[in-house]
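In my numbering, the protein residues as written are 107 to 288.
Structure follows, in structure tokens:
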């Protein structure tokens, strides 16, 4: 257990590192995928490519951006950052981005969910990477849109959570961590 003022500083460092690390990861993904999209735009596009890009962009904005990030992932990340700020430990602060995302120090259901989601994302990345241009660009346009929405919603949720006394989102911390046995 870290005493008084040191715990406060450690908590602030953990919350800042968690938010910066997660945001950096998302921004890096947007940057890399934007390059793929720009490269794909140089190819000749048929109506099918344009249609897939438009439908996929709308679908990814709704599913990844709004449903995935804004309604679920971002508020929970913000709640976990707030919890980390108020309950710091050396291990959680060192791996704050992973803690914020829920890769450890989470309920069993949340751990299963995050690891299954990560596995599914890896499979999709491999599949889309095998596609030729401009099909790859047509799909990655939606991912760039969804991830950009995710960056913005995560920053807004973190601002709200860390800047207020109360934040009414469950961080998904198991009971043994809350009472200090972890």
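From the three backbone atoms N, C-alpha and C, an ideal C-beta is built for every residue, glycine too.
Unbroken alpha helix (DSSP H) run spanning residue i, endpoints
{"i": "residue 279", "result": "No alpha helix (DSSP H) contains residue 279, which DSSP labels as neither H nor E."}
{"i": "residue 134", "result": "110-147"}
{"i": "residue 260", "result": "241-268"}
{"i": "residue 224", "result": "214-235"}
{"i": "residue 169", "result": "Unbroken run through residue 169: none, as it is neither H nor E."}
Short Cβ contact (7 Å threshold) for residue i with residue j
{"i": "residue 189", "j": "residue 280", "result": "no"}
{"i": "residue 256", "j": "residue 132", "result": "yes"}
{"i": "residue 326", "j": "residue 185", "result": "Lying outside 107 to 288, the shown extent of the chain, residue 326 is not represented and no answer is given."}
{"i": "residue 127", "j": "residue 181", "result": "no"}
{"i": "residue 163", "j": "residue 218", "result": "no"}
{"i": "residue 240", "j": "residue 153", "result": "no"}
For residue i, three-class secondary structure by DSSP
{"i": "residue 164", "result": "helix"}
{"i": "residue 193", "result": "coil"}
{"i": "residue 210", "result": "coil"}
{"i": "residue 153", "result": "helix"}
{"i": "residue 181", "result": "helix"}
{"i": "residue 238", "result": "coil"}
{"i": "residue 205", "result": "helix"}
Sufficient close CB pairs (3 or more, under 8 Å) joining the region 164-176 to the region 248-255: Because the criterion of three Cβ pairs below 8 Å is met, the region 164-176 and the region 248-255 touch.
contact_flag[the region 188-204, the region 109-126] where n(CB pairs < 8 Å) is 3 or more: Counting Cβ pairs under 8 Å, three or more are found: they touch.
At least three beta-carbon pairs within less than 8 Å, the region 223-237 to the region 143-158: No, the region 223-237 is not in contact with the region 143-158.
Stretch-stretch touch, CB-based, cutoff 8 Å, three pairs: the region 211-220 with the region 132-143: At 8 Å Cβ cutoff, the stretches do not touch.
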